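K.L.:
Respectively, the protein sequence lines represent chains A and B. Residues in the first sequence are numbered consecutively from 1, following UniProt numbering. Residues in the second sequence are numbered consecutively from 1, following UniProt numbering. Sharing a structure below in structure tokens format, with a few things to ask.
Number of protein chains: 2
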Amino acid sequence: MRMAELSRRSGVPTATIKYYLREGLLPPGEPTAPNQAEYGQQHLDRLDLVRALREAAGLPIATIARVFAAMDRHREDTPPEYLSIAVGALSEPLAVPEDQIEAYARAQAQVAELLHLLGWNVDPDSPGHDDLVRAVVGVHRFLPGLITETKQLVPFGRTVRSLADVEIPETYDPAVDRSAVLRFSVLGTVLFEPVLLALRKLAHTDRIRHTAAWRRRR
Amino acid sequence: MRMAELSRRSGVPTATIKYYLREGLLPPGEPTAPNQAEYGQQHLDRLDLVRALREAAGLPIATIARVFAAMDRHREDTPPEYLSIAVGALSEPLAVPEDQIEAYARAQAQVAELLHLLGWNVDPDSPGHDDLVRAVVGVHRFLPGLITETKQLVPFGRTVRSLADVEIPETYDPAVDRSAVLRFSVLGTVLFEPVLLALRKLAHTDRIRHTAAWRRRR
């Protein structure tokens with residue numbers, strides 16, 4: 001299909017499609033004449049994914065471009081690893097400020113200890129590792145008394161690990177289209193994050209109200 | 001202390017402090033002379049909280065202003081409720097787009113059903129409720145097959161509820177300074193979110209690698 005039809009079928013204005021092409025969010029179409037190209041289903045799929053990542057997950061264009069680059073670069077890798085790579089690209093790379101080298105080193109050691117306690121088969125390159133280091137630095141800095149011992153984090157790890165069994169099927173069907181699996185992994189990661197965080201806030205209110213009830217009974 | 005000392009002790013430039021005063025993030029100082037005011041410990045505490053919410057949690061100024069307004073407005077409420085109100089102000093108010101009224105109504109019904117299944121003592125005004133509605137709309141829109149039945153969300157609710165018991169102490173010590181409890185509640189909510197999300201990504205990798213090992217054994 002031509003650009004005009006791609007715009008009509010995707011609901012994305014042509015100016016936006018041209019911007020996405022320039023930013024590398026969309027692969028170029030098949031050239032058919034000077035200043036003319038043919039677009040296909042992969043372009044429609046990707047525009048849908050861009051919309052989901054922007055509108056539902058609120059990701060910046062730069063992050064989406066990084067995720068797509070990772071998806072394209074590792075298209076031929078084996079399934080578990082190429083999923084990890086795409087999900088890993090969702091995170092900002094770790095940048096340690098000059099004046100916080102010690103704080104980051106301490107957090108890195110604590111994360112390593114935690115992963116050892118949990119016995120997980122992950123490494124410092126795994127998605128989430130650097131996010132966790134950054135998050136622990138933030139907690140230490142602004143709520144210094146909160147995590148005094150690494151083992152306090154173990155229940156949180158065990159809990160999200162038990163959810164992973166629910167979230168990720170035990171086997172992949174090799175017949176399933178690879179780009180569908182990728183879409184599911186990336187979107188499943190980001191669209192489910194606000195579900196979990198919202199449930200956590202509601203759970204806190206339920207907990208607090210039980211606490212209050214308990215206090216009134218005394 | 002004067003503005004200059006407030007700046008020195010907090011490490012926040014005076015231009016930024018003036019901006020925060022204009023935006024209502026800081027209460028005005030005690031006027032001592034024309035164009036002169038006296039600032040105190042509450043200003044230092046609040047500048048520290050602004051820094052945490054901006055730098056560690058990445059919240060926009062408008063959100064921080066909303067949280068502070070809620071904290072100040074409900075200063076005299078009883079402890080459980082005023083904590084909820086401050087945490088609730090972290091969320092964007094629900095705005096339903098004209099063309100998604102049905103999708104939101106469906107999500108609202110599903111959230112009500114879920115909270116009933118979980119048996120939580122919460123209501124549509126509780127923090128997280130509107131976030132959950134919005135998140136469910138996003139999942140339905142972009143991953144339509146993911147949540148076909150509300151009961152699929154129950155394990156996620158039970159899990160975060162079990163963490164709430166770890167996160168929130170069973171009783172509040174009435175002797176503890178109220179603003180310290182508020183700081184802890186707001187910061188504990190937002191600084192721990194990236195910890196949970198990072199652990200979830202790592203847990204997914206562990207799960208996927210076990211899956212792969214299982215497949216290779218066959």
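All C-beta atoms in this analysis are idealised placements derived from N, C-alpha and C, irrespective of residue type, glycine included. Here the structure is a predicted model, which means the values were calculated and not measured.
1) If the criterion is Cβ atoms closer than 9 Å, does the pair Arg9 (chain A) and Pro194 (chain B) meet it?
2) Taking only beta-carbon positions, decide if Thr148 (chain A) is within less than 9 Å of chain B.
3) Could you work out which residue in B:Pro155, B:Glu167, B:Gln152 and B:Glu149 is closest to Pro155 (chain A) when comparing CA atoms only?
4) Run the CB neighbour count on Ile17 (chain A), radius 10 Å, all protein chains shown included, and call it buried at 16 or more, exposed below.
5) Got a sec? Which residues, its chain only, sit under 7 Å from Val96 (chain A) by beta carbon, not counting five neighbours each side?
6) At which residues does the beta strand (DSSP E) containing Pro144 (chain A) begin and terminate?
7) State yes or no: is the beta carbon of Ala95 (chain A) nearer than 9 Å to at least one beta carbon in chain B?
8) Identify the continuous alpha helix (DSSP H) that holds Thr16 (chain B) and give its terminal residues.
9) How many angstroms separate the CA atom of Val122 (chain B) from the CA atom of Ala112 (chain B)?
10) With 9 Å as the threshold, decide whether the Cβ of His116 (chain B) is near any Cβ in chain A.
11) Have a look at Val139 (chain B) and Ala33 (chain B) and give me their C-alpha separation to the nearest angstrom.
12) Tell whether a beta-carbon distance below 9 Å holds between Leu196 (chain A) and Arg161 (chain B).
13) Quick check: the Cα distance between Pro127 (chain A) and Ala198 (chain B), rounded to an integer number of angstroms?
14) Which class does Ala57 (chain A) belong to by DSSP, given the choice of helix, strand or coil?
15) Please list, in chain order, the chain A residues whose beta carbon lies closer than 9 Å to that of Leu47 (chain B).
16) Compare the C-beta of Asn35 (chain A) with all C-beta atoms of chain B and state if any pair is closer than 9 Å.
17) Could you name the residues of the same chain whose beta carbon sits closer than 6 Å to that of Gly157 (chain B), not counting the 5 residues immediately before and after it, in chain order?
18) Per DSSP, Glu5 (chain A) forms a beta bridge with which residues?
19) Thinking Gly29 (chain A) and Tyr19 (chain A) are a contact (beta carbons under 8 Å), I'd like their distance in whole angstroms, please.
20) When Cβ atoms are compared, which residues of the stretch 149 to 161 of chain B fall closer than 8 Å to chain A?
21) Establish whether the CB of Ala164 (chain B) and some CB of chain A are separated by less than 9 Å.
22) So Thr150 (chain B) and Leu114 (chain B) are in contact, right, with Cβ under 8 Å, and what is the actual spacing, rounded?
23) Quick one: residues in its chain with C-beta nearer than 7 Å to the C-beta of Arg66 (chain A), no 5 flanking neighbours on either side, listed in chain order?
24) Should Phe184 (chain B) be flagged as near chain A, meaning a C-beta pair shorter than 9 Å?
25) Within the same chain, show all residues whose beta-carbon is closer than 7 Å to that of Leu49 (chain A), passing over the 5 residues directly before and after it, in chain order.
26) Using the three-state DSSP reduction, which class does Glu170 (chain B) fall into: helix, strand or coil?
27) Return the bridge partner residues of Glu38 (chain B) from the DSSP annotation.
28) Run through DSSP, which three-state label would Leu94 (chain B) get?
29) Give the interface partners of Ala69 (chain B) over in chain A, defined as CB-CB distance under 8 Å, in chain order.
30) For Pro31 (chain A) and chain B, any beta-carbon pair shorter than 9 Å?
31) Could you tell me the alpha carbon to alpha carbon distance between Ile147 (chain A) and Leu132 (chain A), rounded to whole angstroms?
32) Closer than 8 Å between beta carbons: that is the criterion. Which residues of the stretch 182 to 206 of chain A meet it against chain B?
33) What do you get for Thr14 (chain A), buried or exposed, if any count of 16 or more other CB atoms within 10 angstroms of its CB means buried?
34) So with CB distances below 9 Å, who are the chain A contacts of Ile61 (chain B)?
P.N.:
In brief:
1) no
2) no
3) B:Glu167
4) buried
5) Tyr104
6) Run containing Pro144 (chain A): none; DSSP gives neither H nor E here.
7) no
8) Thr14 to Arg22
9) In this structure, the alpha-carbon of Val122 (chain B) lies about 10 Å from that of Ala112 (chain B).
10) no
11) The alpha-carbon atoms of Val139 (chain B) and Ala33 (chain B) are separated by roughly 57 Å.
12) no
13) 8 Å
14) coil
15) Here the premise fails: no neighbours, minimum Cβ distance about 12 Å.
16) no
17) Leu118
18) DSSP output for Glu5 (chain A) lists no bridge partner at all.
19) Between Tyr19 (chain A) and Gly29 (chain A) the Cβ distance is about 15 Å, and since that is not below 8 Å, they are no contact.
20) Hits within the stretch, in order: Leu153, Pro155, Phe156, Gly157, Thr159, Val160 and Arg161.
21) At least one CB of chain A lies nearer than 9 Å to the CB of Ala164 (chain B).
22) 5 Å
23) Ala89
24) yes
25) Arg183, listed in sequence order.
26) coil
27) B:Glu30
28) coil
29) Result: empty, since nearest Cβ-Cβ is about 19 Å, beyond 8 Å.
30) no
31) About 13 Å.
32) Within the stretch 182 to 206 of chain A, the residues whose Cβ lies closer than 8 Å to some Cβ of chain B are Phe184, Leu187, Gly188, Thr189, Leu191, Phe192, Glu193, Pro194, Val195, Leu196, Leu197, Ala198, Leu199, Arg200, Lys201, Leu202, Ala203, His204, Thr205 and Asp206, listed in chain order.
33) exposed
34) The contacting residues do not exist; Ile61 (chain B) stays about 17 Å from chain A at best.
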